[in-house]
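Novice:
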Amino acid sequence: MWGNKISKSLTYAVNTLSDEKIRIIVYLSAKSAPDGFEIVREYPFINAVGIETNASELERLARYPAVRYVTSCARVFAAESVSRGIGPPVYVNTSLTGRGVSLAVIDTGVSPHLDFCTPINRLFRFKDLIGGKDDFYDDNGHGTFVAGVACGNGLTSGGKYAGVARDSKVVAVKAIGSDGEGGAFDVLDGMQWILDTRKETGVKVCCMSFGANPTDANDPLRRGAEILVKNGISVVAASGNEGRGAIKTPATSPDVISVGAVDENGKVADFTSRGFVMGRRKPEIYALGVDVISVSANSTYKKMSGTSVSAPYIAGACCLLTEKYPSASPRRIKEMILSSATPTPDGRLVLDLSR
Numbered sequence: 001m002w003g004n005k006i007s008k009s010l011t012y013a014v015n016t017l018s019d020e021k022i023r024i025i026v027y028l029s030a031k032s033a034p035d036g037f038e039i040v041r042e043y044p045f046i047n048a049v050g051i052e053t054n055a056s057e058l059e060r061l062a063r064y065p066a067v068r069y070v071t072s073c074a075r076v077f078a079a080e081s082v083s084r085g086i087g088p089p090v091y092v093n094t095s096l097t098g099r100g101v102s103l104a105v106i107d108t109g110v111s112p113h114l115d116f117c118t119p120i121n122r123l124f125r126f127k128d129l130i131g132g133k134d135d136f137y138d139d140n141g142h143g144t145f146v147a148g149v150a151c152g153n154g155l156t157s158g159g160k161y162a163g164v165a166r167d168s169k170v171v172a173v174k175a176i177g178s179d180g181e182g183g184a185f186d187v188l189d190g191m192q193w194i195l196d197t198r199k200e201t202g203v204k205v206c207c208m209s210f211g212a213n214p215t216d217a218n219d220p221l222r223r224g225a226e227i228l229v230k231n232g233i234s235v236v237a238a239s240g241n242e243g244r245g246a247i248k249t250p251a252t253s254p255d256v257i258s259v260g261a262v263d264e265n266g267k268v269a270d271f272t273s274r275g276f277v278m279g280r281r282k283p284e285i286y287a288l289g290v291d292v293i294s295v296s297a298n299s300t301y302k303k304m305s306g307t308s309v310s311a312p313y314i315a316g317a318c319c320l321l322t323e324k325y326p327s328a329s330p331r332r333i334k335e336m337i338l339s340s341a342t343p344t345p346d347g348r349l350v351l352d353l354s355r
């Protein structure tokens, strides 16, 4: 029946917003899309298209045989929290540096900071899905900070504020705007681009320091992240900053590495979204995410807290493991990350690479 093809998240739109334009994700069982609808995006990697239509047209759309499922297009938010005071630097004591590993950062962009560009320019590729620009930039600062935690080399600070994988290359995908918000369409475009260009860029790790409210079991951001994992890319996602419960997508997926935040004493940050998703404890691992200092887009450094900070910490660790075990699958990388963590009395896992 057509009603089974429409997600519960769209029920309200069907019943009350019939005259309003909405953006939706439509999963297809065939390559041909339904006629008579405005297709604004195509996502072959998840066999879906993005459509803009009136809510009143959802029932007609669902009747097409090629339409498998219709779900909503969620808003995406950078997982940043308010920082409090000056905290410890990000520092890693290891012989591994992430050399030869490309890290994709889907975020607000990355600025050409000295910590990425000197003595060797490690800003490898840039895809701007918001402004269409060719050169690296970040009009918000969130993505630059995230990239700094993962792989800044700390040059400007004499190594004091070096990131985890200081020799990794940066592949930046700007899918979030200057206000720290974006849409699922742009994020899915970014995932599609990463998959399409992976042979050229060599991306093996992808950091997603953002989150959205999950739609349902067919959540498009979750599905997109899972396709990246199936294609050999380790995906690390922030769990969110809304406290107990409210785990954000794509961190809801069992295939990604979901990350929460702890302070320098290993105490779970109150803002960390945490709970259970389909019987699985989420996030699966915690890392430093309170009062961390990293690269600033407009100056030298700044401080920030949030699961946005913790996710690149783990993404950098994935780069180190990928450097050491280049043929390891994302599943194996995840197993090594979790087995390297320290269990707390309440059963949580914390990865501490600092100092």
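Heads up: the sequence shown begins at 1 in this note's numbering, then just goes up one per residue. Beta carbons are placed, not taken as given, at the ideal position from N, Cα and C, and that holds for glycine. Everything numeric in this text was worked out from a predicted model, so none of it was measured.
Relative to the C-alpha of THR249, which residue among LEU221, LEU351 and GLY152 is closest?
Specialist: Here residue 249 refers to the residue found at position 249 when the sequence shown is read from its first residue. With distances taken between Cα atoms, THR249 lies closest to LEU221.
Novice: Quick check on the burial criterion: 16 or more other C-beta atoms within 10 angstroms. Buried or exposed for LYS160?
Specialist: Here residue 160 is taken as the residue at index 160 of the sequence shown, counted from 1. That one is exposed.
Novice: Whose C-beta lies closer than 6 Å to the C-beta of THR252 among residues of the same chain, with five residues either side of it excluded?
Specialist: Here residue 252 refers to the residue found at position 252 when the sequence shown is read from its first residue. These residues qualify, in order along the chain: PRO214, ARG222 and VAL277.
Novice: Just tell me which of VAL164, GLY109, VAL76 and CYS117 has its CA closest to the CA of SER294.
Specialist: Your numbering for residue 294 matches position 294 in the sequence shown. Answer by Cα proximity: VAL164.
Novice: So, is GLU284 buried or exposed, given that buried needs 16 or more other C-beta atoms within 10 angstroms?
Specialist: Mapped onto the sequence shown, residue 284 falls at position 284. So GLU284 ends up on the buried side.
Novice: Got a sec? Which residues, its chain only, sit under 8 Å from PHE368 by beta carbon, not counting five neighbours each side?
Specialist: Look at the range of the chain in this structure, 1 to 355, and you will see that residue 368 is not part of it.
Novice: Starting from ILE120, follow the alpha helix (DSSP H) in both directions and report where the run begins and ends.
Specialist: Start at 1 with the first residue of the sequence shown, and residue 120 comes out as number 120. Run containing ILE120: none; DSSP gives neither H nor E here.
Novice: Which word fits VAL268, buried or exposed, when buried means at least 16 other C-beta atoms lie within 10 angstroms of its C-beta?
Specialist: Position 268 of the sequence shown, counting from 1, holds the residue named residue 268. The residue in question, VAL268, is buried, as its Cβ has 16 or more Cβ neighbours within 10 Å.
Novice: Quick check on DSSP: helix, strand or coil for GLY316?
Specialist: Here residue 316 is taken as the residue at index 316 of the sequence shown, counted from 1. Of the three classes helix, strand and coil, the one that applies to GLY316 here is helix, per DSSP.
Novice: Note down, in chain order, each residue of its chain lying with its Cβ closer than 6 Å to the Cβ of PHE45, except the 5 sequence neighbours on either side.
Specialist: What you label residue 45 is simply residue 45 of the sequence shown in a count that begins at 1. Same-chain partners within the cutoff: GLN192, LEU195 and ILE227.
Novice: Whose C-alpha, out of GLY177, LEU114 and GLY211, is nearest the C-alpha of ASP138?
Specialist: On the sequence shown, position 138 is the one that residue 138 refers to. Ranking the options by Cα distance to ASP138, first place goes to GLY177.
Novice: Assuming VAL229 and PRO330 make a contact with CB atoms under 8 Å, what is their CB distance in whole Å?
Specialist: Translated into positions along the sequence shown, residue 229 becomes position 229. Translated into positions along the sequence shown, residue 330 becomes position 330. Rounded, the Cβ-Cβ distance is 5 Å, consistent with contact.
Novice: Count the other C-beta atoms from every protein chain shown that fall within 10 angstroms of the C-beta of VAL110, then say buried if there are 16 or more, exposed otherwise.
Specialist: Here residue 110 corresponds to residue number 110 of the sequence shown, with the count starting at 1. Looking at its Cβ environment, which holds 16 or more other Cβ atoms inside 10 Å, VAL110 is buried.
Novice: Answer with buried or exposed for LYS127, where buried requires no fewer than 16 other C-beta atoms within 10 angstroms of its C-beta.
Specialist: In the sequence shown, counting from the first residue as 1, residue 127 sits at position 127. So LYS127 ends up on the buried side.
Novice: According to DSSP, is THR215 helix, strand or coil?
Specialist: As a position in the sequence shown, residue 215 is number 215, starting the count at 1. Coil at THR215, not helix or strand.
Novice: Pick from SER299, SER239 and PRO254: whose alpha carbon is nearest that of ASP270?
Specialist: Sequence index remark: in the sequence shown, residue 270 carries index 270 (1-based). When each option's Cα is compared against that of ASP270, the closest is SER239.
Novice: So ILE247 and VAL173 are in contact, right, with Cβ under 8 Å, and what is the actual spacing, rounded?
Specialist: On the sequence shown, position 247 is the one that residue 247 refers to. On the sequence shown, position 173 is the one that residue 173 refers to. That pair is no contact at about 23 Å.
Novice: Considering Cα atoms alone, identify which of ILE257, PRO343, CYS117 and SER296 is closest to ARG333.
Specialist: Position 333 of the sequence shown holds residue 333. A small fix is needed here, since residue 333 is Ile in this sequence, not Arg. Nearest C-alpha to ILE333: ILE257.
Novice: At which residues does the alpha helix (DSSP H) containing PHE271 begin and terminate?
Specialist: Counting from one through the sequence shown, the residue named residue 271 turns up at place 271. For PHE271, there is no enclosing alpha helix (DSSP H), as DSSP gives it neither H nor E.
Novice: Mind checking LEU338: buried by the 16 CB within 10 Å criterion, or exposed?
Specialist: As a working mapping, residue 338 is identified with position 338 in the sequence shown. It counts as exposed.
Novice: Go to ALA184, then tell me how far its alpha helix (DSSP H) extends in each direction, as first and last residue.
Specialist: As a first step, residue 184 is located in the sequence shown; it is residue number 184 there, counting from the start. Counting along the chain, the alpha helix (DSSP H) containing ALA184 begins and ends at 184-196.
Novice: Would you mind working out which of LEU129, ARG166 and GLU264 sits nearest ASP115, comparing C-alpha positions?
Specialist: Your numbering for residue 115 matches position 115 in the sequence shown. Of LEU129, ARG166 and GLU264, the residue nearest in Cα terms is ARG166.
Novice: Just to confirm before moving on: does the CB-CB distance between GLY289 and SER273 stay below 8 Å?
Specialist: For the purposes of this step, residue 289 is taken as the residue at position 289 of the sequence shown. For the purposes of this step, residue 273 is taken as the residue at position 273 of the sequence shown. Not a contact, by the Cβ cut-off of 8 Å.
Novice: Name the residue from ALA62, PRO345 and VAL49 whose alpha carbon lies nearest to the alpha carbon of LYS5.
Specialist: Your numbering for residue 5 matches position 5 in the sequence shown. Cα-wise, what sits closest to LYS5 is ALA62.
Novice: Residue range of the alpha helix (DSSP H) that GLU226 falls in?
Specialist: If you number the sequence shown from 1, residue 226 lands on position 226. Element bounds for GLU226: 220-230.
Novice: Let's test the definition: count the other Cβ atoms within 10 Å of the Cβ of VAL82 and tell me whether it reaches 16, buried, or not, exposed.
Specialist: One-based indexing of the sequence shown puts residue 82 at position 82. Residue confidence is low: VAL82 scores 45 on pLDDT, short of 50, so the model does not pin down where it sits. No coordinate-derived value is stated.
Novice: Are the beta-carbon atoms belonging to GLY154 and ALA175 less than 8 Å from one another?
Specialist: Within the sequence shown, the letter at position 154 stands for residue 154. Within the sequence shown, the letter at position 175 stands for residue 175. Contact: no.
Novice: Relative to the alpha-carbon of THR426, which residue among ASP179, ASN140 and ALA104 has its alpha-carbon at the smallest distance?
Specialist: With the chain running from 1 to 355 in the structure shown, residue 426 is simply not present.
Novice: Excluding the five sequence neighbours on either side, which residues of its own chain have a C-beta within less than 7 Å of the C-beta of GLU42, listed in chain order?
Specialist: As a working note, residue 42 is residue 42 in the sequence shown. Closer than 7 Å at Cβ, skipping near neighbours: VAL49.
Novice: What does the alpha-carbon distance come out to for the pair PHE77 and PRO343?
Specialist: As a position in the sequence shown, residue 77 is number 77, starting the count at 1. As a position in the sequence shown, residue 343 is number 343, starting the count at 1. Distance between the alpha carbons of PHE77 and PRO343: 30 Å.
Novice: Going by DSSP, which residues form a beta bridge with GLY260?
Specialist: On the sequence shown, position 260 is the one that residue 260 refers to. Looking at the DSSP assignment, GLY260 forms a beta bridge with TYR286.
Novice: Quick one: what's got a C-beta closer than 7 Å to ASN70's C-beta in the same chain, skipping five residues either side?
Specialist: Here residue 70 is taken as the residue at index 70 of the sequence shown, counted from 1. Note that residue 70 is Val in the sequence shown here, rather than Asn. Within the same chain, VAL70 has close Cβ partners LYS5, ILE6, SER7, LEU10, ILE24, VAL26, LEU58, LEU61 and ALA62.
Novice: Give the straight-line distance between the Cα atoms of ALA162 and ILE314, rounded to the nearest whole angstrom.
Specialist: Walking along the sequence shown from the start, residue 162 turns up at place 162. Walking along the sequence shown from the start, residue 314 turns up at place 314. In a straight line, the C-alpha of ALA162 is about 14 Å away from that of ILE314.
Novice: Have a look at GLY363 and ARG75 and give me their C-alpha separation to the nearest angstrom.
Specialist: Since the first residue shown for the chain is 1 and the last is 355, residue 363 is missing from the structure and cannot be characterised.
Novice: Confirm, please, whether the CB-CB distance from ASN54 to GLU365 is below 8 Å.
Specialist: Since the first and last residues shown for the chain are 1 and 355, residue 365 lies out of range.
Novice: Quick one: give me the first and last residue of the beta strand (DSSP E) that ALA172 is part of.
Specialist: Along the sequence shown, one-based indexing puts residue 172 at 172. Counting along the chain, the beta strand (DSSP E) containing ALA172 begins and ends at 169-174.
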